[in-house]
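Below is one structure, written out as structure tokens; comments come after it.
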Amino acid sequence: MDIISHRGASAYSQENSLKSFAIAKSMGSTMFELDVHLTKDNKIVVHHDYNLKRLFNKNLEIINTPYKNLKKHIPTLAQVLKLLGKHCFVCVEIKNDDERYQNIEYFVLKEIYKSDFQNNVCISGFSYKTLQNVRALDSKINIGYSTKIFDLKEAKKLKASSVHISKNRVNKKIVETAHKNKIQVFAYTVNDEKIFDKMKKLHIDAVFSDKPELGQKKYFKV
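Sequential numbering of the sequence shown, starting at 5, is according to the numbering used here.
So, in structure tokens, the structure goes:
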């Protein structure tokens, strides 16, 4: 079972920061997850929330802000991919509730191809419409179907390579159904050894974790 560093090594450094990804990489991680948004001037940036209030106490909405006013706080997707290197696998989660970002799918794909990462990513998100748009634009890119309730028909329509589901909702039936249809199962977010062992017994393919060393019975200290 693989471990995907959730927003980098976010248990040890600020989530989705270059430092967080660098720490995860130094710990030997080769699989990463990150979140992306679209700025006012169409730059793809790596950040979880739609604004900078929680992490930086800044009253800035990403959708309304040009990147020059954000770059002191958050990196671009291009910067993170360059840091990680093409030997890594990256799950790019598009944050797009209510489809608020017009054409974000195009700009995400453009950046992925520009960075020559198209064979090393999966694009995921909870907006099914957004994932449909990704698939319409690209017939080959890996799609991770993020969902609260697994629907095999929907996953097949997307030609999803993986389904991403909460550790509290995943079960043996979901795993078996997905695997029979050649779909991998990724569970989020697992930071506890007991839950890690439970996921392993369910034959989950990978877990998202803030602790890249989880399952190794040793912990990293910064």
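Glycine included, every Cβ here is placed at the ideal spot set by N, Cα and C.
Cα-Cα separation between residue i and residue j, rounded to whole angstroms
i: Gln-18; j: Gly-89; result: 20 Å
i: Tyr-134; j: Phe-111; result: According to the sequence provided, residue 134 is Thr. The question's Tyr does not apply to it. About 12 Å.
i: Arg-173; j: Val-194; result: 13 Å
i: Lys-23; j: Ile-153; result: 34 Å
i: Ser-14; j: Phe-60; result: 16 Å
i: Met-5; j: Asp-209; result: 5 Å
i: Lys-238; j: Glu-217; result: Residue 238 cannot be examined here, being either before or after the span of the chain that is shown, 5 to 226.
i: Lys-205; j: Ser-9; result: 20 Å
i: Ser-30; j: Ile-147; result: 27 Å
i: His-207; j: Lys-160; result: 21 Å
i: Lys-75; j: Lys-62; result: 13 Å
Host alpha helix (DSSP H) of residue i (start-end)
i: Gln-106; result: Taken as a continuous stretch (DSSP letters only), Gln-106 belongs to no alpha helix (DSSP H), as it is neither H nor E.
i: Ala-26; result: 22 to 30
i: Asp-201; result: 197 to 205
Option nearest residue i by Cα separation, candidates the options
i: Lys-44; options: Lys-160, Ile-66 and His-91; result: Ile-66
i: Val-73; options: Phe-212, Val-49 and Asn-124; result: The question names Val, yet the displayed sequence has Asn at residue 73. Here the closest residue by C-alpha is Val-49.
i: Tyr-54; options: Ser-165, Asn-100, Gly-129 and Gly-148; result: Asn-100
i: Gln-83; options: Thr-34, Gln-136 and Ala-26; result: Ala-26
i: Ser-131; options: Pro-70, Leu-85, Asn-20 and Ser-150; result: Ser-150
i: Ser-165; options: Thr-181, Lys-184 and Gln-188; result: Gln-188
i: Leu-113; options: Glu-103, Cys-92, Lys-144 and His-91; result: Lys-144
Expected contact under 8 Å - CB spacing of residue i and residue j to nearest Å
i: Ile-127; j: Leu-42; result: About 14 Å separates the two Cβ atoms, so there is no contact after all.
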